[in-house]
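Just so you know, we're using our numbering here: the sequence shown kicks off at 191 and counts up by one. Just so you know, even glycine gets a beta-carbon here, dropped at the ideal spot from N, CA and C. Note that the structure is a prediction, hence the values are computed from the model and not measured.
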Amino acid sequence: MAGLREPWPGHAQGSPGYRRMILALFAAGVATFSQLYSVQGVLPELSRDLDVSESQAALAVSAATLGLAVAVVGWSAAADRFGRLRTMHAAVVAAVVLGLLVPFAPGYEALLAVRFVEGLALGGIPAVALAYLSEEVAPMYAAVAAGTYISGTSLGGLAGRMVAGPLSEFVGWRVGTLVVSLMAAVAAAVFILAAPKPRGFVPVPRRTPGEPTLARKLLVNLRDRRLLALYAQGLFLMGGFVAVYNYLGFRLEAPPFLIPASWGSLVFLAYLSGAWSSRRSGAMVARFGRLPVLLGSIGVMAAGLAVTLAPSLPAVVAGLLLLTAGFFSAHAVASGWVPVLAVGGRAQAASLYNLGYYAGSSLFGWAVGLFFVPFGWPGAVACVGVLMAAAAASAAAALRGSPGAARRVIPRG
191 MAGLREPWPG
201 HAQGSPGYRR
211 MILALFAAGV
221 ATFSQLYSVQ
231 GVLPELSRDL
241 DVSESQAALA
251 VSAATLGLAV
261 AVVGWSAAAD
271 RFGRLRTMHA
281 AVVAAVVLGL
291 LVPFAPGYEA
301 LLAVRFVEGL
311 ALGGIPAVAL
321 AYLSEEVAPM
331 YAAVAAGTYI
341 SGTSLGGLAG
351 RMVAGPLSEF
361 VGWRVGTLVV
371 SLMAAVAAAV
381 FILAAPKPRG
391 FVPVPRRTPG
401 EPTLARKLLV
411 NLRDRRLLAL
421 YAQGLFLMGG
431 FVAVYNYLGF
441 RLEAPPFLIP
451 ASWGSLVFLA
461 YLSGAWSSRR
471 SGAMVARFGR
481 LPVLLGSIGV
491 MAAGLAVTLA
501 PSLPAVVAGL
511 LLLTAGFFSA
521 HAVASGWVPV
531 LAVGGRAQAA
541 SLYNLGYYAG
551 SSLFGWAVGL
561 FFVPFGWPGA
571 VACVGVLMAA
581 AAASAAAALR
591 GSPGAARRVI
601 PRG
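Take a look at the structure:
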């Protein structure tokens, strides 16, 4: 019938549009997460320079992730109205501008304020990226594409820490974070230039008759216990993961390691295992199903966490490799599962996952320090272990029998 548009089937794997989508979202992940976590690589130097405690220094990370958590729902609403890509463009430009202000913060309180506002801007990328991807990529390739985006976030986090950390020892944390912000500006430009024009997005005009309100969309997705279990994965796993990296630098500078910041930052190379595992998770899901891969990934995280207790640097690095690989695999599975289970608002479901994800980073990334300061690394490990157990229990209880939980059998012939 005239006037009706055929549904967009999505970019197929290997097509020019698919390749541009992968490059663009990879760059968006780098631009966002290099800025978000660059401060994590300089926490010991920042603590000394601003004369604050370990847990107070960690608030420089938590302030940005808190801002991101607060903003994701609003960004998802903007994406429904104005379009996924336009919203992401606005967010990444604002984030780059604010990131360039961070190194010039005159004091601790000003730093926290700028980081919080920077987090508000950064929220526009993770709040919208997976919804944009799910509308523009053919469904059978969405899991692999989501894994590639997550690998970009892991490499972005790695780049931010690896660049800022060593520089902080020689020229200060301010120069280190400035260099990372300039790198993020380049990645943001790649994203803006490469992202293909949206073809699967249908705008939601204000007050369309019969269209659910934003509050209704949020409520529907909050009533689904399966989605709540996925939000819990972000809350608990991200919280524990960020806490490990927040306080690891302080541990490595103390006996028995006594490692300077320039060398201690090398442990962030463990993030490379996350880039590999997040991409690999898509193939594993196709073979084993989402729930077994999710629970197995949490098990790998727990094993890696336990290994970090050893008073040996090679053991700590090995433990971090396992922990990071397990985390990014679990995150890729959980975040990619949310749009599959969502009803009445994919963007809102994704934003609620991100709300839990970054709320966990903000809360537990700081709170674990309350146990690290008096009890040392064993206290931090015990807290993070409890968070992992809570994530696994919620997944096992709520997600069995959900679409995609088990392996899909494809008939031969």
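From G350 to V530, what does the alpha carbon distance come to, in whole angstroms?
-> In the sequence shown, residue 350 corresponds to position 160, counting from 1. In the sequence shown, residue 530 corresponds to position 340, counting from 1. Near 31 Å, if we compare the C-alpha coordinates of V530 and G350.
Can you tell me which of the three DSSP states V242 falls into?
-> As a working mapping, residue 242 is identified with position 52 in the sequence shown. Three-state DSSP puts V242 in coil, outside helix and strand.
What do you reckon, are the CB atoms on M428 and S519 nearer than 8 Å?
-> Taking the first residue of the sequence shown as position 1, residue 428 is located at position 238. Taking the first residue of the sequence shown as position 1, residue 519 is located at position 329. It is not a contact, given that the beta carbons lie outside the stated cut-off.
Apply the 10 Å Cβ neighbour rule to G297 and answer buried if 16 or more other Cβ atoms are within range, or exposed otherwise.
-> Taking the sequence shown and counting its residues from 1, the one referred to as residue 297 is at position 107. Counting Cβ neighbours within 10 Å, G297 comes out exposed, since fewer than 16 surround it.
Return the bridge partner residues of H279 from the DSSP annotation.
-> Counting from 1 along the sequence shown, the entry for residue 279 is found at position 89. Partner(s): none; H279 has no beta bridge.
Under 6 Å Cβ to Cβ from V599, same chain only, skipping five residues before and after it: list those, please.
-> Here residue 599 corresponds to residue number 409 of the sequence shown, with the count starting at 1. Bear in mind that the predicted position of V599 carries a pLDDT of just 45, short of 50, making it unreliable; the figure below should be weighed with that in mind. The beta carbon of V599 is closer than 6 Å to none in its chain, skipping five residues each way along the sequence.
Going by beta carbon distance, what residues of the same chain come within less than 7 Å of A492, once the five residues before and after it are set aside?
-> What you label residue 492 is simply residue 302 of the sequence shown in a count that begins at 1. Answer for A492: G575, M578, listed in chain order.
List the DSSP bridge partners of V327.
-> Here the question's residue 327 lines up with position 137 in the sequence shown. In the DSSP output, where bridge partners are listed per residue, V327 has H201.
Residue span of the alpha helix (DSSP H) that contains G464, given as start and end | Taking the first residue of the sequence shown as 1, we reach residue 464 at position 274. For G464, the enclosing alpha helix (DSSP H) starts and ends at 461-478.
Contact set for L442: own chain, Cβ-Cβ below 6 Å, skip 5 residues either direction = As a working mapping, residue 442 is identified with position 252 in the sequence shown. Result list for L442: I449, G454, in chain order.
Where L291 sits in the DSSP three-state scheme = Locating residue 291 in the sequence shown gives position 101, counting from the first residue. For L291, the three-state secondary structure derived from DSSP is coil.
Cβ-based neighbour list, V506, same chain, cut-off 6 Å, excluding 5 preceding and 5 following = One-based indexing of the sequence shown puts residue 506 at position 316. Excluding positions up to five away in sequence, the list reads T498.
C-beta contact flag for P501 and P446 at 8 Å = Position 311 of the sequence shown, counted from the first residue, corresponds to residue 501. Position 256 of the sequence shown, counted from the first residue, corresponds to residue 446. Against a cut-off of 8 Å, the Cβ pair of P446 and P501 comes out as a contact.
Mind checking whether P199 and A328 have CB atoms under 8 Å apart?
-> In the sequence shown, counting from the first residue as 1, residue 199 sits at position 9. In the sequence shown, counting from the first residue as 1, residue 328 sits at position 138. In this structure, A328 lies closer than 8 Å to P199 by Cβ.
Closest to S487 by CA distance: which of L409, A582, A378 is it?
-> Counted from its first residue, the sequence shown places residue 487 at position 297. Closest by alpha carbon: A582.
C-alpha gap between S584 and V361, whole angstroms | On the sequence shown, residue 584 is found 394 positions in, with the first residue counted as 1. On the sequence shown, residue 361 is found 171 positions in, with the first residue counted as 1. Going from the Cα of S584 to the Cα of V361 covers about 45 Å.
Put A403 into one of helix, strand or coil per three-state DSSP.
-> Taking the sequence shown and counting its residues from 1, one reaches residue 403 at position 213. The displayed chain sequence assigns Thr, not Ala, to residue 403. Reduced to three states, the DSSP call for T403 is coil.
Flag this pair as touching only if the stretch 216-235 and the stretch 308-327 have three or more C-beta atom pairs under 8 Å; answer yes or no.
-> Verdict: yes, contact present.
If you count every other CB in all the chains shown that lies within 10 Å of the CB of M330, and 16 or more means buried, which is it?
-> Numbered from 1 along the sequence shown, position 140 holds the residue referred to as residue 330. Burial check for M330: the Cβ neighbour count within 10 Å stays below 16, so the residue is exposed.
Since S341 and R469 are thought to touch, with beta carbons under 8 Å apart, how far apart are those beta carbons, to the nearest angstrom?
-> Counted from its first residue, the sequence shown places residue 341 at position 151. Counted from its first residue, the sequence shown places residue 469 at position 279. Yes, S341 and R469 are in contact; Cβ-Cβ is about 5 Å, under 8 Å.
Under a Cβ-count criterion, where at least 16 other Cβ atoms within 10 Å of its own Cβ denotes burial, should A444 be classed as buried or exposed?
-> In the sequence shown, residue 444 corresponds to position 254, counting from 1. Looking at its Cβ environment, which holds fewer than 16 other Cβ atoms inside 10 Å, A444 is exposed.
Taking all protein chains shown into account, do 16 or more other C-beta atoms lie within 10 angstroms of the C-beta of S324, making it buried, or fewer, making it exposed?
-> Position 134 of the sequence shown, counted from the first residue, corresponds to residue 324. With at least 16 other beta carbons inside 10 angstroms of its own, S324 counts as buried.
Contact between the stretch 551-567 and the stretch 417-437: three or more CB pairs below 8 Å?
-> The stretch 551-567 is in contact with the stretch 417-437.
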